[in-house]
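So the structure is just underneath, and the comments pick up after that.
There are 2 protein chains.
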Amino acid sequence: MNVRDLEARLLLGPGPSPVAQRVLEAMARPTLGHLDPQFLALMDDVNARLRDVFGTTNEMTFPVSGTGSAAMEASLANVIEPGEKVIVGVNGVFGTRLVEMARRMGGEVVAIESEWGRIIEAGQVESALRDHADAAVVAIVAAETSTGVRQPLDEIGRLVGESDALLVVDTVTAIGGTPVEVDRHGIDVAYAGTQKCLGVPPGLAPISFSPRAIEKVHARKTPVQSWYLDVSLLAGYLGSERRYHHTAPINMMYGLHEGLVALGEEGLEARYERHARVGARLQDELRNRDFRMFAQEGHRLPQLTAAMLPESLEEGPLRARLLDEHGIEVGGGLGPAKGKLWRIGLMGFGATDENVDRVLAGIDAVLG
Amino acid sequence: MNVRDLEARLLLGPGPSPVAQRVLEAMARPTLGHLDPQFLALMDDVNARLRDVFGTTNEMTFPVSGTGSAAMEASLANVIEPGEKVIVGVNGVFGTRLVEMARRMGGEVVAIESEWGRIIEAGQVESALRDHADAAVVAIVAAETSTGVRQPLDEIGRLVGESDALLVVDTVTAIGGTPVEVDRHGIDVAYAGTQKCLGVPPGLAPISFSPRAIEKVHARKTPVQSWYLDVSLLAGYLGSERRYHHTAPINMMYGLHEGLVALGEEGLEARYERHARVGARLQDELRNRDFRMFAQEGHRLPQLTAAMLPESLEEGPLRARLLDEHGIEVGGGLGPAKGKLWRIGLMGFGATDENVDRVLAGIDAVLG
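Here it is as structure tokens:
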């Protein structure tokens, strides 16, 4: 078995998304030491660029050395102490995962649920905060990759800002595709992934902690459960001290840097406009083909479309044909949506009109 | 700032080690989906090859999606329950880190200490096991990257095997450079890194759990603290079910596969012989130059030499000159060894006579 024999696919599923050649080539540059001054400068530049895309001035903004779920765990592990109340919005796989992780941290979870495919209403957060005024954390998913729902955060940000709780937001599928506004929404911890709208392979997970979140970490009575993800230890490496903590994934960092440079060249506004435009076009065309959108109207992610197939069609074999006969990967449903829908991603370098044409041609062929 | 402008270095520090062009090129292959049948087959092949280099038939052998310290944390998080006794051998940075992590897991640590640079004696483990017959875990470092000590495991493996405790061994710097014999030594959890003697960039961390370790995980009364590192959840993705857990670092896996293929072509015995030979030569030559070996005689790693500089020399400025004027990275000391020694790695693709010549020429130049 040889890596050179792997057949390339067009990645239009829920991630990873297609990676530009320039990013792949960046990853193949010679490995440097993790304390080499050149690498430290590169990492500082990555962090500065991440602040732009997160919409924040938070000093503690950096990539976690793991994938999106590691950053989710890092978020909760740092700000939850055992016995604290954690309000979690649950309307898909990633809200469910937040609950599971928060419990493992010793958090007492208050789940506020919406049907899969619908947003969490601000009123639900408001009443949860009223019933649990001692809540330490509110956690919510900005872009639910399992349902295609885009969660509004203006009102929720305001409500949590008026409480004593910290706001943790999952922006894994949002970042680089739809605006993430950490400072404007008063988000205390935002975490993301590289393999969606940033167009970089999986393996790093951007995260940003507000000064208020860092203050809470420093005031903890119990140690952070995870040594690997403890932000106060990571600060020693990221800050001027440059104290060894762990060996950062050097070549992954090259790829992330190049992806962020590409994003900077395009500009955030142009990038968001591109995702919005091609996503809307795909959704229109799918409706013309009798697909039904799974996410609530008015709250659909352009970069990740969850679409239910026309009645009576079994999705699994058709999805396998898309992959085998057309080289196109799309995703199936998860949890209660399993077997019912496709998740089609137009993310990062993959968000192009050409790819809309290609996936529609493939769909027309297999639905014949 | 551009990744293409980074100046290459000769990596002869404690890791990362030089990465062969074939591995870098493998990492630049097009990204596949983490559930693509081609990727799943590649991952299975990686795991089979890791079994060979770990010297085990353990089914649960795979790379953790993080760096070596993530795998250290995964080892302890899975097998320690709060309140359990954990005997830890401490004679360097990584033993100290094991203690810190085990405490965060709720473990009650019994530290058995040796001076930095010396091995943990089997007699120390024997008496700790006698005094703490209820110990759940014994953790020890096979290759101490901070001191260059190679820890004998025959006797310790036998002693722990006769107890009820599980044996956890840090093989981060050992794997691919000196023999790791998981099954022969009765090791229950061994973890490693990619960026040392495997010659692959950091970002994945091989790990292997014995059936006895997995049994203990299944019998736990408390959930594993970490969702990300919970081996019973990871088993759902690695096994026939192929259940989504997190998105594996695809391109890193390409690199690891290629590194393991290169290792397979060379053969384990030839690889160990190469490391032994060039390491011994470097150590001889350094002694000729009035360096003193930090590690105890008879227990020195060939792949990582900790050498104290001739008296009165300040190591920091000389090490900076090696990097700046000769493009050669070596490591400084950590903890009590800070400022006292250099750590010179001849690991993986870097373990060559040519590199011994180059580093000696650089040393001769800066020591004038």
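Here the protein sequences line up with chains A and B, keeping their order.
So the first sequence is numbered by my numbering: it starts at 852 and just counts up by one.
So the second sequence is numbered by my numbering: it starts at 852 and just counts up by one.
Yeah, the Cβ is synthetic: ideal placement off N, Cα and C, and Gly gets one too.
Exercise. Taking just the CA atoms, how far does G1044 (chain A) sit from L1111 (chain A)?
Worked result: Straight-line Cα distance between these residues: approximately 13 Å.
Exercise. How many angstroms separate the CA atom of R1063 (chain B) from the CA atom of D1141 (chain B)?
Worked result: Cα-Cα distance, rounded: 48 Å.
Exercise. Nearest-angstrom Cα distance between L1197 (chain A) and Q872 (chain B)?
Worked result: Straight across, the Cα-Cα distance linking L1197 (chain A) with Q872 (chain B) is about 32 Å.
For this session: Kindly list, in the order they appear in chain B, the residues whose Cβ is closer than 7 Å to that of V1019 (chain A).
Result: Correct list: empty, because the minimum Cβ distance to chain B is about 15 Å.
For this session: Spell out whether any CB of chain B is found under 8 Å from the CB atom of D1193 (chain A).
Result: One point to set straight first is that residue 1193 (chain A) is Trp, not Asp, in the sequence displayed. Closer than 8 Å: no.
For this session: For V1033 (chain B), collect the residues of the same chain with a Cβ closer than 6 Å to its Cβ; drop the 5 residues on either side in sequence, then sort them by chain order.
Result: Correct list, in chain order: F905, G906, T907, A1041, S1059.
Exercise. Where DSSP assigns a beta bridge to T912 (chain B), which residues make up the other side?
Worked result: T912 (chain B) is bridged to B:S1059.
For this session: Starting from the C-beta of V1011 (chain A), find all residues in its chain whose C-beta is less than 6 Å away, skip the five residues before and the five after it, and write them out in chain order.
Result: Excluding positions up to five away in sequence, the list reads V989, L1018.
Exercise. Would you say I1101 (chain B) reaches chain A, if we count a Cβ-Cβ gap shorter than 8 Å as a contact?
Worked result: At a cut-off of 8 Å between beta carbons, I1101 (chain B) contacts chain A.
Exercise. At a CB-CB cut-off below 7 Å, which residues of chain B make contact with R969 (chain A)?
Worked result: Correct list: empty, because the minimum Cβ distance to chain B is about 22 Å.
Exercise. With burial defined as no fewer than 16 other Cβ atoms inside 10 Å of the residue's Cβ, what is the status of N1139 (chain A): buried or exposed?
Worked result: So N1139 (chain A) ends up on the exposed side.
Exercise. Since L893 (chain B) meets chain A, which of its residues come closer than 8 Å, beta carbon to beta carbon?
Worked result: For L893 (chain B), the residues of chain A that pass the 8 Å Cβ criterion are M852, V854, L857, in the order they occur in the chain.
Exercise. Given a limit of 7 Å on CB to CB distance, which residues of the stretch 861 to 878 of chain B reach chain A?
Worked result: So the close ones are L862, G864, G866, P867, V870, L875, E876, A877, M878.
For this session: Sort out for me which residues DSSP pairs E1013 (chain A) with in a bridge.
Result: Answer is none; E1013 (chain A) lacks a bridge partner.
Exercise. What are the start and end residues of the alpha helix (DSSP H) that includes R1155 (chain B)?
Worked result: Looking at the sequence shown, residue 1155 (chain B) is not Arg but Leu. Segment 1155 to 1159 is the beta strand (DSSP E) holding L1155 (chain B); no alpha helix (DSSP H) there.
Problem set entry | Cβ pair T1073 (chain A), K1047 (chain A) closer than 8 Å | No. Outside cutoff.
For this session: Along the alpha helix (DSSP H) that carries A922 (chain B), what are the first and last residues, could you check?
Result: Per DSSP, the unbroken alpha helix (DSSP H) holding A922 (chain B) starts and ends at 919 to 930.
Exercise. So what's G1196 (chain A) in DSSP terms, helix, strand or just coil?
Worked result: Residue state, collapsed to three classes: strand.
For this session: Just the C-alpha distance for V939 (chain A) and Q1076 (chain B), rounded to the nearest angstrom, thanks.
Result: Spanning the two alpha carbons is a distance of roughly 19 Å.
Exercise. If the cut is a Cβ gap below 8 Å, which residues of chain A does Y1095 (chain B) touch?
Worked result: Taking the beta carbon of Y1095 (chain B) as reference, the chain A residues within 8 Å of it are L1185, listed in sequence order.
Exercise. Would the stretch 925 to 937 of chain B and the stretch 952 to 962 of chain B be scored as touching if the rule is three or more Cβ pairs under 8 Å?
Worked result: Three or more beta-carbon pairs drawn from the stretch 925 to 937 of chain B and the stretch 952 to 962 of chain B are found closer than 8 Å, and the two stretches are therefore classed as touching.
For this session: Look at D887 (chain B) and R954 (chain A) and say whether their C-beta atoms are less than 8 Å apart.
Result: Taking 8 Å as the Cβ cut-off, D887 (chain B) and R954 (chain A) do not qualify as a contacting pair.
For this session: State the Cα-Cα distance for the pair I1214 (chain B) and L1164 (chain B), rounded to the nearest angstrom.
Result: Distance between the alpha carbons of I1214 (chain B) and L1164 (chain B) is about 12 Å.
Problem set entry | Unbroken beta strand (DSSP E) run spanning A899 (chain A), endpoints | Counting along the chain, A899 (chain A) falls outside any beta strand (DSSP E), though it belongs to the alpha helix (DSSP H) covering 888 to 905.
For this session: Specify the secondary structure class of R1125 (chain A) as computed by DSSP and reduced to three states.
Result: In this structure, R1125 (chain A) counts as helix in the three-state DSSP scheme.
Exercise. Helix, strand or coil: how does DSSP classify K1072 (chain A) here?
Worked result: Three-state result, K1072 (chain A): coil.
Problem set entry | According to DSSP, residues forming a beta bridge with R1143 (chain B) | Beta-bridge pairing links R1143 (chain B) to B:M1159.
Problem set entry | In chain order, each alpha helix (DSSP H) run of at least 4 residues that lies wholly inside the stretch 1163 to 1193 of chain A | DSSP runs (the alpha helix (DSSP H)) wholly in the stretch 1163 to 1193 of chain A: 1166 to 1177.
Exercise. Got a sec? Which residues, its chain only, sit under 6 Å from D1081 (chain B) by beta carbon, not counting five neighbours each side?
Worked result: Within the same chain, D1081 (chain B) has close Cβ partners V1075.
For this session: Return no unless some Cβ of chain A is closer than 8 Å to the Cβ of P1057 (chain B).
Result: Not an interface residue.
Exercise. Does the count of Cβ pairs from the stretch 1085 to 1101 of chain B and the stretch 996 to 1014 of chain B closer than 8 Å reach three?
Worked result: The answer is no - the stretch 996 to 1014 of chain B does not touch the stretch 1085 to 1101 of chain B, with fewer than three Cβ pairs under 8 Å.
Exercise. Mind checking if E951 (chain A) is an interface residue toward chain B, Cβ cutoff 8 Å exclusive?
Worked result: At a cut-off of 8 Å, the C-beta of E951 (chain A) has a neighbouring C-beta in chain B.
For this session: Say whether chain A places a C-beta atom closer than 8 Å to the C-beta of Y1088 (chain B).
Result: For Y1088 (chain B), the answer is no, since every Cβ of chain A falls outside 8 Å of its Cβ.
Exercise. Taking the alpha helix (DSSP H) that Y1105 (chain B) falls in, what are its first and last residues?
Worked result: 1101 to 1117 is the span of the alpha helix (DSSP H), which, as asked, contains Y1105 (chain B).
Exercise. Since P1074 (chain A) meets chain B, which of its residues come closer than 7 Å, beta carbon to beta carbon?
Worked result: Annotation: Cβ neighbours of P1074 (chain A) in chain B (cutoff 7 Å, chain order): R955.
Exercise. Are the beta-carbon atoms belonging to R1172 (chain B) and G1183 (chain B) less than 8 Å from one another?
Worked result: No, Cβ-Cβ distance for R1172 (chain B) and G1183 (chain B) is not below 8 Å.
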